[in-house]
Amino acid sequence: MSALFNFRSLLQVLLLFICSCTYVHAQRPSLLDRYKDSGMLGVFWKFARIGERASPYVSLACIAMAVSQFNS
């Protein structure tokens, strides 16, 4: 089943996307900062910003997702 039709998989993809964008922005900030005002590529910068500002909540969500994966 596609991740678009399964809510749990969609959340997992979004969490991994947020974590990946945050990691890339931490390693190479200029890579994402030049696209922050552009349309489609600005989404990467926005997800990196969410990961930076809400990092405790994102990490707790990643831990909860990992626990739920092991339990199922």
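Per our numbering, the sequence shown runs over residues 180 to 251. Note that the Cβ used here is the ideal one computed from N, Cα and C, for glycine as well.
### Message
Which same chain residues end up closer than 6 Å to A227 when comparing Cβ atoms and leaving out the 5 residues on each side of it in sequence?
### Response
Hits under 6 Å: C200, T201, H204 and L211.
#### Entry: 8 Å CB neighbourhood of C198 in its chain, flanking five on each side removed
G230, V237 and C241
### Query
Fully enclosed by the segment 199-225, which alpha helix (DSSP H) runs are 4 residues long or longer?
208-212
### Query
Hey, quick one: how far does the alpha helix (DSSP H) through S251 stretch, first residue to last?
From DSSP, S251 is part of no alpha helix (DSSP H); its letter is neither H nor E.
### Task
Indicate the three-state DSSP secondary structure (helix, strand or coil) for F184 in the structure shown.
coil
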